[in-house]
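So for the sequence shown, UniProt numbering puts the first residue at 1; every next one is plus one.
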Amino acid sequence: MTAANPTPTPLTPQALHQPLIRMKPISLTINGTATGPIQTPDGLMMIDFLHGYVGLTGSRLGCGQGVCHACVVILDKPDGSSEEVRTCITGAHFFDGKKVRTIEGHAKRNEHGEVVELSPVQQKFLEHFSFQCGYCTPGFVNAATVLIERLKREPIARELVEHEITKALDDHICRCTGYVRYYEAVRDVVLSTPGLVKDSA
């Protein structure tokens, strides 16, 4: 009678030294600076790459399920357009070879890395005090920035401003319920920036 479980094959010295986690290199451009190649675990989420590998902690981990949008970064496409991408559910290697912007990349800085000028969106958020705890603010800034950049390419009629702002911000959750001030700040940016709004459809 044979044994029910065959004798396991012993591990070779080579197998013992194989890494338990598969590593892959990633190279990308972050806020205009070439980054990498950096060896990172296969399957690592982009939010963890930003926080743990390149020290950019401005993108916030909120729900961890792609719902609240606090974690979004801006993906710059080759055709000049841009879009938000949720980093808590998107692997870091998706961004290999791509260009992204995080919240740290909006303001102008001097040679010492000190902020010398906020972006128009950041400035309006400050003027309207469009935050309470501020946890969701990076996501809202990125969403508003993507909207402004789209309107520079494709201006809209004045009567569509409210609709487009609502659509741009609608996926973002503010647990402090600061939506009105976020909306007002973005509306201020849109209406005060020349070339974004047409007089009629």
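Each residue gets a CB set at the ideal place from its N, CA and C atoms; glycine is no exception.
Check, Outcome
"C-alpha distance - Thr87 paired with Ala143, whole-angstrom precision", "14 Å"
"Beta-carbon proximity check, Ala185 vs Phe125, cutoff 7 Å", "yes"
"Closest Cα partner of Val121 within the set Ala107, Ala70 and Asp96", "Ala107"
"CA-to-CA distance, Cys136 to Leu118, given in whole angstroms", "18 Å"
"Assigned exposure category for Phe49 - 16 Cβ within 10 Å defines buried", "buried"
"Contact under 7 Å by Cβ, Lys98 with Leu44", "no"
"Limits of the alpha helix (DSSP H) - the one that Leu126 falls within", "Pro120 to Glu127"
"Residue nearest to Thr35 in terms of C-alpha spacing, selected from Ala92, Ser59 and Lys77", "Ala92"
"DSSP state of Ala34 mapped onto helix, strand, coil", "strand"
"Cys174, buried or exposed, once every other Cβ within 10 Å from all chains shown has been counted against 16", "buried"
"Rounded distance between the beta-carbons of Gly66 and Ile30, thought under 8 Å", "21 Å between Cβ atoms; not a contact."
"DSSP state of residue 233 mapped onto helix, strand, coil", "Because the chain is modelled from 1 through 201, residue 233 falls outside the range shown and cannot be assessed."
"Sequence ranges, beta strand (DSSP E) only - wholly within the UniProt domain \"2Fe-2S ferredoxin-type\" (24 to 106), length at least 3", "33 to 41, 73 to 76, 82 to 85 and 99 to 101"
"Val116 to Arg158 span [Cα, whole Å]", "32 Å"
"Ala157 - partner residues in DSSP beta bridges", "Lys198"
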